[in-house]
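Protein chains: 2
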Amino acid sequence: MGDPNPLPTTLAAALHDRFGARFSTNAQVLLQHGRTESHHAVRLPDGVVLAHTTEEVRAVVRLCAEHRVPIVPFGAGTSMEGHTVPVRGGISLDLSEMNRIVAVNADDFDCTVEAGVRRQQLNDHLRDQGLFFPIDPGADATLGGMASTRASGTNAVRYGTMKDAVLSLRVVTPDGRVIRTSRRARKSAAGYDLTRLYVGAEGTLGVITEVTLRLHPIPETVSAAVCGFASLHGAVSTVVQTLQYGVPIARIELLDDVQMMAVNRWSKLDYAEVTTLFFEFHGSERSVQEQVETVAAIAAENGGGEFRWASSQEERSRLWKARHQAYYAALALRPGAVGWPTDVCVPISRLAECIEATKADLARASIPAPIVGHVGDGNFHVVFILDPDRPDERAEAERLNAALVERALSLDGTCTGEHGIGLGKIDCLEHELDEGALDVMRTIKRALDPQGIMNPGKIVRL
Amino acid sequence: MGDPNPLPTTLAAALHDRFGARFSTNAQVLLQHGRTESHHAVRLPDGVVLAHTTEEVRAVVRLCAEHRVPIVPFGAGTSMEGHTVPVRGGISLDLSEMNRIVAVNADDFDCTVEAGVRRQQLNDHLRDQGLFFPIDPGADATLGGMASTRASGTNAVRYGTMKDAVLSLRVVTPDGRVIRTSRRARKSAAGYDLTRLYVGAEGTLGVITEVTLRLHPIPETVSAAVCGFASLHGAVSTVVQTLQYGVPIARIELLDDVQMMAVNRWSKLDYAEVTTLFFEFHGSERSVQEQVETVAAIAAENGGGEFRWASSQEERSRLWKARHQAYYAALALRPGAVGWPTDVCVPISRLAECIEATKADLARASIPAPIVGHVGDGNFHVVFILDPDRPDERAEAERLNAALVERALSLDGTCTGEHGIGLGKIDCLEHELDEGALDVMRTIKRALDPQGIMNPGKIVRL
Chain H
999 MGDPNPLPTT LAAALHDRFG ARFSTNAQVL LQHGRTESHH AVRLPDGVVL AHTTEEVRAV
1059 VRLCAEHRVP IVPFGAGTSM EGHTVPVRGG ISLDLSEMNR IVAVNADDFD CTVEAGVRRQ
1119 QLNDHLRDQG LFFPIDPGAD ATLGGMASTR ASGTNAVRYG TMKDAVLSLR VVTPDGRVIR
1179 TSRRARKSAA GYDLTRLYVG AEGTLGVITE VTLRLHPIPE TVSAAVCGFA SLHGAVSTVV
1239 QTLQYGVPIA RIELLDDVQM MAVNRWSKLD YAEVTTLFFE FHGSERSVQE QVETVAAIAA
1299 ENGGGEFRWA SSQEERSRLW KARHQAYYAA LALRPGAVGW PTDVCVPISR LAECIEATKA
1359 DLARASIPAP IVGHVGDGNF HVVFILDPDR PDERAEAERL NAALVERALS LDGTCTGEHG
1419 IGLGKIDCLE HELDEGALDV MRTIKRALDP QGIMNPGKIV RL
Chain S
999 MGDPNPLPTT LAAALHDRFG ARFSTNAQVL LQHGRTESHH AVRLPDGVVL AHTTEEVRAV
1059 VRLCAEHRVP IVPFGAGTSM EGHTVPVRGG ISLDLSEMNR IVAVNADDFD CTVEAGVRRQ
1119 QLNDHLRDQG LFFPIDPGAD ATLGGMASTR ASGTNAVRYG TMKDAVLSLR VVTPDGRVIR
1179 TSRRARKSAA GYDLTRLYVG AEGTLGVITE VTLRLHPIPE TVSAAVCGFA SLHGAVSTVV
1239 QTLQYGVPIA RIELLDDVQM MAVNRWSKLD YAEVTTLFFE FHGSERSVQE QVETVAAIAA
1299 ENGGGEFRWA SSQEERSRLW KARHQAYYAA LALRPGAVGW PTDVCVPISR LAECIEATKA
1359 DLARASIPAP IVGHVGDGNF HVVFILDPDR PDERAEAERL NAALVERALS LDGTCTGEHG
1419 IGLGKIDCLE HELDEGALDV MRTIKRALDP QGIMNPGKIV RL
């Protein structure tokens, strides 16, 4: 678990003076901030600060900078690659109570929220104004965390990722300055794209405290369906052809036979336990009808079965809840197990090949490992379901994961479509990029965080 | 015009040895690379190299780095803010003959092109495969230049800007290394977003030599229309409501009365000389029909006149050619004049206010200044039509431009939606961003180009 080092006395005293009970070294609080929902080893921070304002974040950063103590931003703790684990100790800076919706500009289709606002809270708030925020990674993550990891998820095929959704950020830099990365205009060519620099930087270049987001009108009609396929190849061909026809599909998700079994058990459903696509269509009534006709015809030609429809809000919620709980459903396949979720993303023409080879690998494995994917983007996940007390299983997952990443890279794909690098994929990133590109990343990190205090040990080795 | 300084003799000799006639100090060639299509003063480079490969670009960069001689990447020379003017002399590195389409991956909806490939060349090449590249800034720019300036244009309201279109770049860094910024997957969370760092960096951080782009299927049906409005407010309200209804409109362009007069004269058309919207609809036949019905109803409620349709390819070409030649049409209002094109972008709810106040300003001005805009994004241009021999007119344009930018900034907009900073908007950028954000930009520039040889004098003062 790693030993917490006591913080420098003057730092601890200063934090105590400023934050009172919102600065904590309580064992339970440290544990909450040192563990994650996945397989990464727990490492406790030396203290936790619960910040309420950008000014407070700045104060923490300045104090930590003075003492060269690491700062690890923390939101909902739902990231998958150990982003929030304070591997070099220091302060876990918890932004979850910075959860104010600062402004909604309905006519501009944008809003500004504090970093600790969660996805569902935002959508609940927006509903009455006929707007929604589409990016949906499954977990009810904070918007600050989603920006930091460049999150995407089920709607990305139509609405893009956090890269596309963020208009502007407020960031506290490692030297304790507050900057705003850009204005609220929908597009800008004003200098280097600082917004996209911090989106996906995983808290290694500064602390995001406010996020301005693009919103979308709630579609007039939403309809969802589930369809089983005779073969993986047929399911993936359905995806490719749907995109080729220019169908503006909102979601197109793949679950393999293992995952469908897990979902049926966990969510008490009775879907066929075969490769399955979950679809969602957004648009006017006529447009949705046309999309549905097109996709149903494509699916039928590719060995798809009947479409099972979910047109009411309630049925759709049940369907997507089942999809979103795929991770917990997978874990429940093996009580007491921990999950090692991994993700890769490949050009879509290589997706069937990549999933098929991966399934062949997994068929020979001793651990269960379901597959789910945002296949419209060529992105899929494998979750290795491990007995935490068996090092051989961890070694096997490591080997399978490395093989998966190598396969994705050999197909001109990336080692992570959406989970990020964090702790878990630093080696993978070194395989993915050439030495020059890695050096550019290292140069940026060193230039913008010369003391190396911002979430050290993530993304790149220095 | 600035005096060309002779290059260091050893550098000139080395370039001559390597490039023969493709290294030039001919006065005509220097002039072609020292002037632009807009009002920026001519400054000659000290030499021009016409590169044919990434390896040649690398050789030039290495030689220039050795001699600390500036390098200014040059494509089609169509940028608006003096990006290609070698204000500190050095080598103009012309990539226009690097015009090979390296690969089209039709099933993945992407392609890779050399930086000198032009937009129209690419679309001609793609047509037979049912694909197109949507970003269209009007000018037949190179893709490398479009990436460098973060170009957008008429289709951006639906298809986004170069920020969204670029999947990956090949870049020669200022120390002469060749890097690839990412893989070809549609999305990635693999470390800092180097792709977006170089998109819009205006050649100040390295030389883009290859661009991998997202493509789109050619829509089944395309239809375009022109509609005049009784008031500017009615035209802008039509735009806002169209977006609120979630209509996936492909283009929605505004031309004011002055610009319509110029367009009628230049393109020999007979549109009413009032505030006008140009629309384009993409989709299936049914979808386009529905979009058209919705938008026609919205326009009618907002004082729009009859729609004049252009449904055949030929009519559409004529319509968009008229729109694309708006700049030349504006220049022709005053023979012998030069154009000073400027652009701002504001949140769309502030657009009517911003254009109205600007028109009031222009009504009092002594120089003609038509307005055109990509209003779906809140982005519009003013072109000041100047007599080049009258310093008072230049001073007036300067004052009007400064007032326009201040107005846009006061509405939380940006000093440039798409033209970029270049030479012309360095002061504006300093007004737009806080000192901390500017410092982050300067830090990045210094870290990645410590010798300051890459397109010096652009974007930020060091």
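Which chain is which? The protein sequence lines are H and S, in order. So for the first sequence, our numbering puts the first residue at 999; every next one is plus one. So for the second sequence, our numbering puts the first residue at 999; every next one is plus one. Glycine included, every Cβ here is placed at the ideal spot set by N, Cα and C.
So, under 8 Å CB-CB, residue 1131/S and residue 1117/S are touching, yes? Tell me the CB distance rounded to an integer number of Å. Cβ-Cβ separation between residue 1131/S and residue 1117/S: approximately 7 Å, consistent with a contact (criterion under 8 Å).
Just by C-beta distance, which residues in the stretch 1103 to 1135 of chain S are closer than 9 Å to chain H? Those residues of the stretch 1103 to 1135 of chain S that come within reach of chain H (Cβ to Cβ, closer than 9 Å) are 1103, 1104, 1105, 1106, 1107, 1108 and 1128.
If you draw a straight line from the alpha carbon of residue 1451/S to that of residue 1229/S, how long is it in whole angstroms? Distance between residue 1451/S and residue 1229/S, taken at the CA atoms: about 49 Å.
Would DSSP call residue 1017/S helix, strand or coil? Residue state for residue 1017/S is assigned as helix, using DSSP reduced to three classes.
Run down chain S in chain order and give the residues with a C-beta less than 7 Å from the C-beta of residue 1183/H. Contacts between residue 1183/H and chain S, judged by CB atoms closer than 7 Å, involve 1343, 1344, 1345, 1376, 1411, 1412 and 1415 in chain order.
Alpha-carbon spacing of residue 1413/H relative to residue 1379/S, whole angstroms: For residue 1413/H and residue 1379/S, the gap between their C-alpha atoms comes out near 42 Å.
Please name the residue, chosen from 1058/S, 1068/S and 1190/S, that lies closest to residue 1449/S on a Cα-to-Cα basis. Closest by alpha carbon: 1068/S.
Give a yes or no on whether the minimum CB-CB distance between residue 1396/S and chain H is below 7 Å. Taking Cβ atoms only, chain H never reaches closer than 7 Å to residue 1396/S, which makes this a no.
Please tell me whether residue 1080/S and residue 1422/S are closer than 7 Å, where the distance is taken between their beta carbons. For the pair residue 1080/S and residue 1422/S, the CB atoms are nearer than the 7 Å cut-off.
Inter-residue spacing [alpha-carbon to alpha-carbon] between residue 1015/S and residue 1021/S: When rounded, the distance between both Cα atoms is 9 Å.
Along the stretch 1059 to 1085 of chain H, where does the CB come closer than 8 Å to a CB of chain S? Name the residues. Residues: none.
Compute the distance between the beta-carbons of residue 1395/S and residue 1338/S, then report whether it is under 7 Å. In this structure, residue 1395/S lies near residue 1338/S, with their beta-carbon atoms less than 7 Å apart.
Does residue 1331/S get closer than 7 Å to chain H when you measure Cβ to Cβ? Residue contact with chain H for residue 1331/S: absent (no Cβ-Cβ distance below 7 Å to any residue of chain H).
Would you report the Cα separation of residue 945/S and residue 1411/H, rounded to the nearest angstrom? Given a span of 999 to 1460 for chain S in the structure shown, any question on residue 945/S remains unanswerable.
Under 7 Å between C-beta atoms of residue 1314/H and residue 1199/H: No, Cβ-Cβ distance for residue 1314/H and residue 1199/H is not below 7 Å.
Determine, using beta carbons only, whether residue 1225/H and residue 1327/H come nearer to each other than 7 Å. No, these two residues do not count as a Cβ contact at 7 Å.
Which residues bound the beta strand (DSSP E) around residue 1206/H? In the DSSP assignment, residue 1206/H falls within the unbroken beta strand (DSSP E) covering 1205 to 1212.
For residue 1135/H, the nearest candidate out of 1439/H, 1447/H and 1418/H (CA to CA): Of 1439/H, 1447/H and 1418/H, the residue nearest in Cα terms is 1418/H.
Use the C-beta contact count for residue 1420/H: other C-beta atoms within 10 angstroms, 16 or more gives buried, fewer gives exposed. Looking at its Cβ environment, which holds 16 or more other Cβ atoms inside 10 Å, residue 1420/H is buried.
Residue 1103/S and residue 1114/S: beta carbons closer than 7 Å? No, Cβ-Cβ distance for residue 1103/S and residue 1114/S is not below 7 Å.
Which of helix, strand or coil DSSP assigns to residue 1000/S: For residue 1000/S, the pLDDT reaches just 46, beneath the cut-off of 50, and the residue's location in the model is therefore unreliable, leaving the point undetermined.
Terminal residues of the continuous alpha helix (DSSP H) containing residue 1437/H? Residue 1437/H -> alpha helix (DSSP H) spans 1433 to 1446.
With DSSP run on the structure shown, which of helix, strand or coil describes residue 1065/S? Residue 1065/S: helix per DSSP, three-state reduction.
Taking residue 1163/H as part of the alpha helix (DSSP H), name the residues at either end of that continuous run. Per DSSP, residue 1163/H belongs to the alpha helix (DSSP H) from 1160 to 1163.
I want to verify the contact list: residues of chain S whose CB lies under 8 Å from the CB of residue 1198/H, in sequence order. Simply 1187, 1189, 1190 and 1191.
Distance check for residue 1053/S and residue 1059/S, CA to CA, integer angstroms please. Take the alpha-carbon of residue 1059/S and the one of residue 1053/S: they are about 10 Å apart.
Grouping DSSP H, G and I as helix and E and B as strand, with all else coil, what is residue 1358/H? DSSP places residue 1358/H in helix when its eight states are reduced to three.
Thinking residue 1473/S and residue 1032/S are a contact (beta carbons under 8 Å), I'd like their distance in whole angstroms, please. With chain S represented from 999 up to 1460, any question about residue 1473/S goes unanswered, as that position is not in the structure.
If we define contact as Cβ-Cβ less than 7 Å, is residue 1384/H a contact residue for chain S? At a cut-off of 7 Å between C-beta atoms, residue 1384/H does not count as an interface residue with respect to chain S.
Since residue 1242/H meets chain S, which of its residues come closer than 7 Å, beta carbon to beta carbon? At a beta-carbon threshold of 7 Å, the residues of chain S lying near residue 1242/H are 1215, ordered along the chain.
Sub-7 Å separation of residue 1341/S and residue 1415/S beta-carbons: In this structure, residue 1341/S sits near residue 1415/S, with a CB-CB distance shorter than 7 Å.
Flag residue 1349/H as yes if its beta-carbon sits less than 7 Å from any beta-carbon of chain S, otherwise no. No, no contact with chain S.
Assigned exposure category for residue 1311/S - 16 Cβ within 10 Å defines buried: When all chains shown are included, residue 1311/S counts as exposed.
Along chain S, in chain order, which residues have C-beta atoms closer than 7 Å to that of residue 1230/H? Residues of chain S passing the Cβ test: none, with the nearest at roughly 17 Å.
Give me the Cα-Cα distance between residue 1000/H and residue 1041/H, rounded to the nearest whole angstrom. Here residue 1000/H scores only 46 on pLDDT, less than 50, and its place in the model is too uncertain to base an answer on.
Can you find a C-beta in chain S that's less than 7 Å from the C-beta of residue 1020/H? The beta carbon of residue 1020/H does not come within 7 Å of any beta carbon belonging to chain S, so the residue lies off that interface.
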